[in-house]
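FYI, the numbering for the sequence shown is 1 to 170, going by full-length UniProt numbering.
Below is one structure, written out as structure tokens; the observations come after it.
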Amino acid sequence: MDGLRHSLFVPATSSFFLVVGVATAIKEQVKTRYAAKDDNGKPLYEHPYRPWIEIDPKYKEQGDRAWRAFKMCENVKEWTVFSMPLVWIIAMFGSSLPYVEDSYVNYFLAATSVLYAYANHQFIFGYLESPEKRMKGFKLRMLVFKLWLLGSGLSLLGYGLTTAAAKLSA
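As structure tokens, then:
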């Protein structure tokens with residue numbers, strides 16, 4: 001069991017970072033939503049939350065911020081759904097590539113997961129400020145995603161070719 005735990009530690013930690021990003025996005029979205037109040041302290045958005053409803057134009061700035069928070073939260077959740085399987089594919093099949101050892105895969109996943117978490121943080125808090133300020137985090141997160149997509153594709157290809165070659169030689 002210790003060997004299994006050891007081999008799954010890095011992808012599990014990566015998954016944890018991805019989930020923390022989603023939890024942070026949800027927390028910030030909820031905080032922004034409940035902070036949006038009119039002059040009498042009444043919430044601008046009733047439950048269930050619908051940030052797309054029209055509000056009094058004099059509260060446009062709060063409404064825009066609530067809408068950005070909603071879009072940011074949805075975006076972070078969606079990218080997590082796309083990213084997490086790639087992390088696990090690399091963890092499971094990455095060492096099937098020539099010259100790639102499990103330790104290299106773990107270092108790669110650890111470094112890129114920390115970078116992804118940092119980029120997600122930049123995206124979350126940048127988007128709350130303005131749509132333009134989200135781009136630094138978005139571009140960095142997209143770069144990590146592309147690395148994971150390429151890595152998972154190459155890992156699966158390497159495993160498939162290795163398995164096919166082993167069957168042909170048997």
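Here a beta-carbon is modelled for each residue, glycine too, at the ideal position from N, C-alpha and C.
Computed from a predicted model, the values in this text were never measured in an experiment.
Extent of the continuous alpha helix (DSSP H) run through residue i
{"i": "Glu78", "result": "60 to 93"}
{"i": "Asp2", "result": "2 to 35"}
{"i": "Trp148", "result": "135 to 169"}
{"i": "Asn40", "result": "That residue, Asn40, is in no alpha helix (DSSP H); it is neither H nor E in DSSP."}
{"i": "Glu101", "result": "From DSSP, Glu101 is part of no alpha helix (DSSP H); its letter is neither H nor E."}
Whole-Å CB distance - residue i paired with residue j, under 8 Å assumed
{"i": "Ala12", "j": "Val76", "result": "Actually they are not in contact, since the Cβ atoms of Ala12 and Val76 sit about 20 Å apart, beyond 8 Å."}
{"i": "Thr80", "j": "Val22", "result": "5 Å"}
{"i": "Gly63", "j": "Ala36", "result": "7 Å"}
{"i": "Thr32", "j": "Leu154", "result": "The Cβ separation is near 40 Å, so there is no contact."}
{"i": "Ala45", "j": "Ala69", "result": "According to the sequence displayed, residue 45 carries Tyr and not Ala. That pair is no contact at about 11 Å."}
{"i": "Val105", "j": "Ile90", "result": "6 Å"}
{"i": "Asp102", "j": "Ser7", "result": "7 Å"}
{"i": "Tyr34", "j": "Pro48", "result": "In fact, because the Cβ distance is near 14 Å, the residues do not count as touching under 8 Å."}
Closest residue to residue i among the options (Cα-Cα distance)
{"i": "Leu115", "options": "Gln29, Ser96, Trp148", "result": "Trp148"}
{"i": "Leu161", "options": "Pro43, Ser96, Met72, Glu132", "result": "Ser96"}
{"i": "Leu157", "options": "Phe123, Leu140, Gly94, Leu128", "result": "Gly94"}
{"i": "Phe123", "options": "Glu74, Ile89, Gly151, Ala164", "result": "Glu74"}
{"i": "Phe138", "options": "Ala119, Ser130, Ser155", "result": "Ala119"}
{"i": "Leu86", "options": "Val10, Gly151, Asn106, Ala69", "result": "Gly151"}
{"i": "Ser14", "options": "Pro131, Ala117, Lys27, Lys58", "result": "Ala117"}
{"i": "Leu144", "options": "Leu8, Lys60, Leu109", "result": "Before going further, note that residue 144 is Val rather than Leu in the sequence given. The candidate whose alpha carbon is nearest that of Val144 is Leu109."}
{"i": "Pro131", "options": "Tyr49, Lys71, Tyr34", "result": "Lys71"}
{"i": "Phe16", "options": "Ser83, Ser103, Lys133", "result": "Ser83"}
{"i": "Glu78", "options": "Arg5, Met142, Ala164, Phe9", "result": "Met142"}
{"i": "Pro57", "options": "Tyr49, Lys42, Asp38", "result": "Asp38"}
{"i": "Pro98", "options": "Gln29, Tyr159, Phe9, His47", "result": "Tyr159"}
{"i": "Lys146", "options": "Ala164, Tyr59, Ser113", "result": "Ser113"}
{"i": "Gln29", "options": "Tyr107, Leu140, Gly126, Ala164", "result": "Gly126"}
{"i": "His121", "options": "Ile53, Tyr107, Leu18", "result": "Leu18"}
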